[in-house]
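Protein chains in written order, with my numbering: chain L, 31 to 320; chain C, 76 to 357.
Structure, rendered in structure tokens:
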């Protein structure tokens, strides 16, 4: 079953932003005054020819609304993963602000102290990485991984943690009998499901998906995407889905940003972008995939 | 003959250790780094505890040294004779109530300590987080943030696998509501003695160069789950009766189990001084 954009920001009654990002930039290297001038999609590089700095993300602005899935698409090295990693505090951006609306009150993400960042990361945000080794601890059982996220946040009650683990693994269609096995004995698709279960453990209002289905076989991909859509429908979780796969964007995202060499080259409703791309790069991207 | 200073280590070293001890008392459970000195015995033989003892001890003090609960084990005898040699004017004893300084490794003596006594424990591994996080830098951040969720996950995994928490010694214990310590290789049985203890407890790790403390009347709470409370070891026989010491008959002490060479299992108080006291009273 194909479900397209259930919630559009243009619906009118769902216009509360959950995240507002302004001027986000992240560079790797010393940086020089000419870095931004000499890089970007029009210069066809993200490597500064003077100082050799990689301009990973440059001046990204976007809003994310409650219950919306925003897609970020682009080729390898376009900076799309760096955007979500910065928002999840895996990376520290050089410039820019990001306001997360917690019960309607803006919280400036990059100005928080370590404890507040940790709380946001552990409680309010969830992250599902492409590589399950980043999101899961392979030395402990699947249930233990979920327990870890619950134990960071709440009071330690074994029975409740166990029950919640079972509930989450059922929801993500992992066999409960295998709950006490280590993720290394699972298939790639199962590992991703456990990662999703762990990310969802605290019912986070905001979920980051970084290439969640890349490397999985097609039937597993479809099932995982279906699961993500169901969760989004049930819990109205806002999500940012980073991918290079147009199919994933088509299925998941209401709106899409197209990135190249650290900048947004085009943004808009997913249907519009896929059916009527305006920019040359987007046209090339879509033509090459379809 | 070479004359060493009183207490073997020089006064500068003692001052540094005393400062570290004061800091450790001020921040209960925090591992204070210090420059552990070379001692005339291998690290791992109690050099951390010994340095703390030597920095605190003075003329007129009375010291008790125990190892595995016994005053007569090799390590205890050697440490005691070293202190006797290097600290003229210091008394040593095997009786708990006579001592005002007690250096120990595997046990906290049976029977409540008093406000006038200081217990010094020798510690091989000071950081409880070392089993879940290899990087000391990250461990320090975790301690600072009071983030011990991964230790609780370890307990969770134990419960899943075995149905109960199987840690026998070095049980992670939260001090004063924040820092979690490794309370040296004392058995689980001894952990409750740290809670609201009248005496000061100091921990010295010579090889790892750390000193930490549980001050008197301080909370020491073993990590556990709400619905899976902390339990100590139990000594029950096949008929469900509490086993007693074959020597003194006490049913209230921590017991060592051994084989009498005739195929029987015998149980005996691990604390030899306690056992002797029980023998005298009965």
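Ideal Cβ placement from N, Cα and C applies to all residues, glycine included.
CA-to-CA distance, residue j to residue i, given in whole angstroms
{"i": "residue 58 of chain L", "j": "residue 83 of chain L", "result": "6 Å"}
{"i": "residue 17 of chain L", "j": "residue 103 of chain C", "result": "Lying outside 31 to 320, the shown extent of chain L, residue 17 of chain L is not represented and no answer is given."}
{"i": "residue 37 of chain L", "j": "residue 267 of chain L", "result": "Because residue 37 of chain L carries a pLDDT of 45, less than 50, the predicted location of this residue cannot be relied on, and no value is offered for it."}
{"i": "residue 189 of chain C", "j": "residue 119 of chain L", "result": "50 Å"}
{"i": "residue 251 of chain C", "j": "residue 278 of chain C", "result": "16 Å"}
{"i": "residue 173 of chain C", "j": "residue 92 of chain C", "result": "25 Å"}
{"i": "residue 73 of chain C", "j": "residue 282 of chain C", "result": "Limits of chain C in this structure are 76 at one end and 357 at the other, which puts residue 73 of chain C out of reach."}
{"i": "residue 299 of chain L", "j": "residue 50 of chain L", "result": "18 Å"}
{"i": "residue 186 of chain C", "j": "residue 218 of chain C", "result": "32 Å"}
{"i": "residue 191 of chain C", "j": "residue 206 of chain C", "result": "35 Å"}
{"i": "residue 178 of chain L", "j": "residue 153 of chain L", "result": "12 Å"}
{"i": "residue 256 of chain C", "j": "residue 85 of chain C", "result": "29 Å"}
{"i": "residue 53 of chain C", "j": "residue 161 of chain C", "result": "As displayed, chain C neither begins before 76 nor continues past 357, which places residue 53 of chain C out of reach and without an answer."}
{"i": "residue 164 of chain L", "j": "residue 291 of chain C", "result": "43 Å"}
{"i": "residue 168 of chain C", "j": "residue 215 of chain L", "result": "57 Å"}
{"i": "residue 304 of chain C", "j": "residue 353 of chain C", "result": "31 Å"}
{"i": "residue 19 of chain L", "j": "residue 195 of chain L", "result": "Chain L is shown from 31 up to 320; residue 19 of chain L falls before or after that span and cannot be answered."}
{"i": "residue 380 of chain C", "j": "residue 118 of chain C", "result": "Nothing can be reported for residue 380 of chain C: it is not among the residues displayed for chain C, which extend from 76 to 357."}
{"i": "residue 298 of chain C", "j": "residue 355 of chain C", "result": "38 Å"}
{"i": "residue 170 of chain L", "j": "residue 230 of chain L", "result": "18 Å"}
{"i": "residue 251 of chain L", "j": "residue 222 of chain L", "result": "10 Å"}
Proximity below 9 Å, CB of residue i to CB of residue j
{"i": "residue 230 of chain C", "j": "residue 242 of chain C", "result": "yes"}
{"i": "residue 239 of chain L", "j": "residue 218 of chain L", "result": "no"}
{"i": "residue 273 of chain L", "j": "residue 243 of chain L", "result": "yes"}
{"i": "residue 140 of chain L", "j": "residue 287 of chain L", "result": "no"}
{"i": "residue 127 of chain C", "j": "residue 177 of chain C", "result": "no"}
{"i": "residue 307 of chain C", "j": "residue 247 of chain C", "result": "no"}
{"i": "residue 202 of chain C", "j": "residue 98 of chain C", "result": "no"}
{"i": "residue 187 of chain L", "j": "residue 175 of chain L", "result": "no"}
{"i": "residue 108 of chain C", "j": "residue 95 of chain C", "result": "yes"}
{"i": "residue 158 of chain L", "j": "residue 237 of chain L", "result": "yes"}
{"i": "residue 235 of chain L", "j": "residue 98 of chain L", "result": "no"}
{"i": "residue 137 of chain L", "j": "residue 146 of chain L", "result": "yes"}
{"i": "residue 199 of chain L", "j": "residue 191 of chain L", "result": "no"}
{"i": "residue 261 of chain L", "j": "residue 226 of chain L", "result": "yes"}
{"i": "residue 124 of chain L", "j": "residue 56 of chain L", "result": "yes"}
{"i": "residue 301 of chain C", "j": "residue 232 of chain L", "result": "no"}
Closest Cα partner of residue i within the set the options
{"i": "residue 182 of chain C", "options": "C:330, C:291 and C:299", "result": "C:330"}
{"i": "residue 89 of chain C", "options": "C:105, C:238 and C:112", "result": "C:112"}
{"i": "residue 121 of chain C", "options": "C:338, C:99, C:152 and C:344", "result": "C:152"}
{"i": "residue 48 of chain L", "options": "L:305, L:270 and L:313", "result": "L:270"}
{"i": "residue 148 of chain L", "options": "L:210, L:112, L:53 and L:182", "result": "L:182"}
{"i": "residue 160 of chain L", "options": "L:262, L:134, L:199 and L:224", "result": "L:224"}
{"i": "residue 238 of chain C", "options": "L:133, L:184, L:117 and L:210", "result": "L:210"}
{"i": "residue 130 of chain C", "options": "C:106, C:80 and C:167", "result": "C:80"}
{"i": "residue 144 of chain C", "options": "C:213, C:264 and C:137", "result": "C:264"}
{"i": "residue 24 of chain C", "options": "C:269, C:254, C:280 and C:222", "result": "The structure shown does not extend to residue 24 of chain C, since chain C is modelled only from 76 to 357, so the question has no answer here."}
{"i": "residue 288 of chain C", "options": "C:223, C:274 and C:314", "result": "C:274"}
{"i": "residue 260 of chain C", "options": "C:212, C:299, C:210 and C:199", "result": "C:199"}
{"i": "residue 87 of chain C", "options": "C:164, C:100, C:106 and C:110", "result": "C:110"}
{"i": "residue 100 of chain C", "options": "C:135, C:193 and C:357", "result": "C:193"}
{"i": "residue 276 of chain L", "options": "L:252, L:315 and L:150", "result": "L:315"}
{"i": "residue 208 of chain L", "options": "L:173, L:53 and L:222", "result": "L:173"}
{"i": "residue 294 of chain C", "options": "C:254, C:333 and C:222", "result": "C:254"}
Partners in chain L for residue i, counting only beta-carbon separations shorter than 7 Å
{"i": "residue 227 of chain C", "result": "181 and 186"}
{"i": "residue 224 of chain C", "result": "178, 181 and 182"}
Chain-ordered neighbours of residue i on chain L, where CB pairs are closer than 9 Å
{"i": "residue 231 of chain C", "result": "170, 171, 173, 174, 177, 178, 181, 186, 188, 191 and 192"}
Close beta carbons around residue i, own chain, < 8 Å, minus the five adjacent residues each side
{"i": "residue 318 of chain C", "result": "310, 311, 312, 326, 330 and 342"}
{"i": "residue 69 of chain L", "result": "75, 76, 77, 78, 85, 88, 291 and 292"}
{"i": "residue 344 of chain C", "result": "144, 185, 320, 322, 323, 325, 328, 329, 330, 331, 350 and 353"}
Chain A within 9 Å of residue i, Cβ atoms only
{"i": "residue 302 of chain C", "result": "Structure shown: chain A not included; protein chains present are L and C."}
Amino acids of chain C, ordered along the chain, whose beta-carbon sits closer than 7 Å to that of residue i
{"i": "residue 148 of chain L", "result": "220"}
{"i": "residue 74 of chain L", "result": "Neighbours of residue 74 of chain L on chain C: none; closest Cβ ~40 Å, over 7 Å."}
Proximal residues to residue i (C-beta, below 7 Å), its chain only, five neighbours per side dropped
{"i": "residue 220 of chain L", "result": "204"}
{"i": "residue 255 of chain L", "result": "243, 278, 281 and 282"}
{"i": "residue 171 of chain C", "result": "139, 184, 186 and 348"}
Within chain L, partners of residue i - CB distance below 8 Å
{"i": "residue 234 of chain C", "result": "188"}
Contact set for residue i: own chain, Cβ-Cβ below 6 Å, skip 5 residues either direction
{"i": "residue 141 of chain C", "result": "151 and 179"}
{"i": "residue 233 of chain C", "result": "240 and 241"}
{"i": "residue 225 of chain C", "result": "207"}
{"i": "residue 81 of chain L", "result": "60 and 62"}
{"i": "residue 271 of chain C", "result": "292"}
{"i": "residue 309 of chain L", "result": "295 and 296"}
{"i": "residue 335 of chain C", "result": "341"}
Under 9 Å by beta carbon: chain C residues contacting residue i
{"i": "residue 210 of chain L", "result": "232, 235 and 236"}
Per-residue contacts from residue i into chain C (C-beta, under 8 Å)
{"i": "residue 145 of chain L", "result": "220"}
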